[in-house]
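Participant:
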Amino acid sequence: MSEGRFGIGLSLDEDPVKAAEEAAGAARGGLAGAAATLVVVFASPDLCADAEGLLEAIHRILAPEHLLGCMGEAIVGGGREVEGGSALAVWAAHLPGAELFPFRLVARPVDEGLGVLGWPDTVEDDARGGAPIILLADPFTFPADGLLTQLNAEGRRHVVVGGMASGGRRPGEHRLFADREVMSEGAVGLALRGVRVRTIVSQGCAPIGPEMVVTDSDGPMIRELAGVPAVQKLEEIIEALTPEERELASHGLLAGVVIDENQPDYERGDFLVRGLHGGDRASGALMVGDHVRVGQTLRFHVRDADSADEDLRLALREARGDLGGRTPGGALVFTCNGRGRHMFAEADHDAIAIAEELGDIPAAGLFCNGEVGPVGGKNFLHGFTATMALFTVEPDGATQ
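In numbering that gives the first Met the number 0, the protein residues as written are 0 to 399.
1. What number of angstroms, rounded off, separates the C-alpha of residue 223 from the C-alpha of residue 131?
2. Taking the alpha carbon of residue 78 as the reference point, which residue from 378, 363 and 285 has its own alpha carbon closest?
3. Could you tell me the alpha carbon to alpha carbon distance between residue 243 and residue 366, rounded to whole angstroms?
4. Would you list the one or two residues that DSSP bridges to residue 192?
5. Tell me the rounded alpha-carbon separation between residue 174 and residue 161.
6. Taking DSSP as the reference, what is the three-state secondary structure of residue 276?
7. Looking at residue 344 and residue 304, is the spacing between their C-beta atoms short of 8 Å?
8. Within its chain, find whatever has a CB closer than 6 Å to the CB of residue 143; leave out the 5 residues flanking it on each side and keep chain order.
9. Distance check for residue 235 and residue 39, CA to CA, integer angstroms please.
10. In three-state terms, what does DSSP make of residue 151?
11. In terms of residue numbering, what span does the alpha helix (DSSP H) encompassing residue 249 cover?
12. For residue 5, count neighbouring C-beta atoms within 10 Å of its own C-beta (all shown protein chains included) and say buried if the count is 16 or more, exposed if not.
13. By Cβ distance below 6 Å, which residues in the same chain neighbour residue 429 in space, the five residues on each side in sequence not counted?
14. With 16 other CB atoms within 10 Å as the buried threshold, where does residue 341 fall?
15. In terms of alpha-carbon separation, which member of 266, 225, 300 and 325 lies closest to residue 206?
16. To the nearest angstrom, how far is it from the Cα of residue 396 to the Cα of residue 8?
17. Quick one: using the 10 Å Cβ neighbour count with 16 as the cut-off for buried, is residue 216 buried or exposed?
18. Taking its Cβ as the centre, do 16 or more other Cβ atoms sit within 10 Å of residue 261, making it buried, or is it exposed?
19. Given a cut-off of 8 Å, decide if residue 91 and residue 201 are closer than it, judged by their beta-carbon atoms.
20. Does the Cβ of residue 282 have 16 or more other Cβ atoms within 10 Å, making it buried, or fewer, making it exposed?
21. Just the C-alpha distance for residue 352 and residue 151, rounded to the nearest angstrom, thanks.
22. When the distance is taken between beta carbons, is residue 85 closer than 8 Å to residue 45?
23. Only counting the same chain, and skipping five residues up and downstream in sequence, which positions put a Cβ closer than 8 Å to that of residue 116?
24. Considering only their Cβ atoms, is the gap separating residue 294 from residue 270 smaller than 8 Å?
25. Inspect the beta-carbon positions of residue 71 and residue 133 and report whether they are closer than 8 Å.
Pasting the structure below:
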């Protein structure tokens, strides 16, 4: 089997075709003459004015078997995060022995609400085979959270990672790329069979206070924690915090709920973190940004630049440790548009952390309107999160 290879190109040229030629040419260099099995493209809004010409130039230079991509308000590539101006990242992979199954999804009204059309039979037939899926979607026209909820409920083993396009302000302004086609609604994606992909999810939080069992709840309303009215329990926890923790909590608390409780101890990555949307002192209930079941374990979390940096680096180191003798080959990065210089004092934070923890691997991505990734064996739509698809190379050089 031939060696798996990865390449990345980043262009800041303001002309879409010239940017495509520059970035695709650099990505081709990383493949060292091997054919491009998959090309993933992330483009700033201004370059999407001629998205068709941009894609045509990439096809002319790389001739990929499959191409996927979308628009992003900020672009990650070549160890940088370009948060202003024109930017195009072209990521290319030669994946020997892999089978890729592309799809395009749209949401249409049905009796109960919205139905998703376009889910391919090849992916449906492999519903319990666990093939990883890359998903890119328009936040205005595609119910990604609804699709993920359905996949979770049906017990499918697919791991889904990706993000929501960004840079547009209303329906019809975002662009999604599928081979040579440019779409302004729905979602694009592909399932990968015969490819080893390690997903990484960093929710950018630090836990505070004790773990507690939810003893009374109704959907997103938590009435009791450990047998005590939830608001009262929260006040007790805040009172017991250190001054430093109390300062962090004053800037906003989050609720972390364990998804997979079939383990003796819970680590940071075991909690699905959701916003805490206030409480009712009269009833003692707290409102959380997700449905919570009685019996689930909850722990409060805080988020700031330091905790986000630590959480990302811990997640990257854990992923590196899980590789065994395999080598990181390349990565697709989906980071929140609330991160970057909105959260960190320095530019290029997530891109630099990836390079420092995983090595100088070809990595490309975008700042998203929502990030997709698994927690506790189920797939969720997140916010303020960095998720990644890390492609690995076997010790003998073959991707698996």
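A virtual CB, placed ideally from N, CA and C, is assigned to each residue, including glycine. Values in this document were obtained by computation on a predicted structure and should not be read as measured data.
Facilitator: Let's see:
1. Separation of residue 223 and residue 131 (C-alpha to C-alpha, rounded to the nearest whole angstrom) is 37 Å.
2. Selected option, being the one with the closest Cα: 363.
3. Rounded to whole angstroms, the gap between the alpha carbons of residue 243 and residue 366 is 30 Å.
4. Residue 192 is bridged to 98.
5. So the alpha carbons of these two residues sit roughly 15 Å apart.
6. Here residue 276 sits in strand by DSSP.
7. Taking 8 Å as the Cβ cut-off, residue 304 and residue 344 qualify as a contacting pair.
8. The answer, listed in chain order, is 136 and 380.
9. Approximately 49 Å, taken between the alpha carbons.
10. Looking at residue 151 - three-state DSSP - the assignment turns out to be helix.
11. Note, residue 249: alpha helix (DSSP H), 242–249.
12. Label assigned to residue 5: buried.
13. Missing from the structure shown is residue 429; the chain here goes from 0 to 399 and no further.
14. Classification of residue 341: exposed, given that the 10 Å Cβ count is below 16.
15. Per the Cα distances, 300.
16. Residue placement at residue 396 cannot be trusted, given a pLDDT of 44 that sits under 50; the coordinates are not used to answer.
17. Buried, because 16 or more other Cβ atoms sit within 10 Å of the Cβ of residue 216.
18. Burial call: exposed.
19. With contacts defined by Cβ atoms closer than 8 Å, residue 201 and residue 91 do not form a contacting pair.
20. So residue 282 ends up on the exposed side.
21. In a straight line, the C-alpha of residue 352 is about 31 Å away from that of residue 151.
22. Contact flag set, yes.
23. Around residue 116: 104, 105, 106 and 107.
24. Residue 294 sits away from residue 270, with the two beta carbons spaced by 8 Å or more.
25. No, Cβ-Cβ distance for residue 71 and residue 133 is not below 8 Å.
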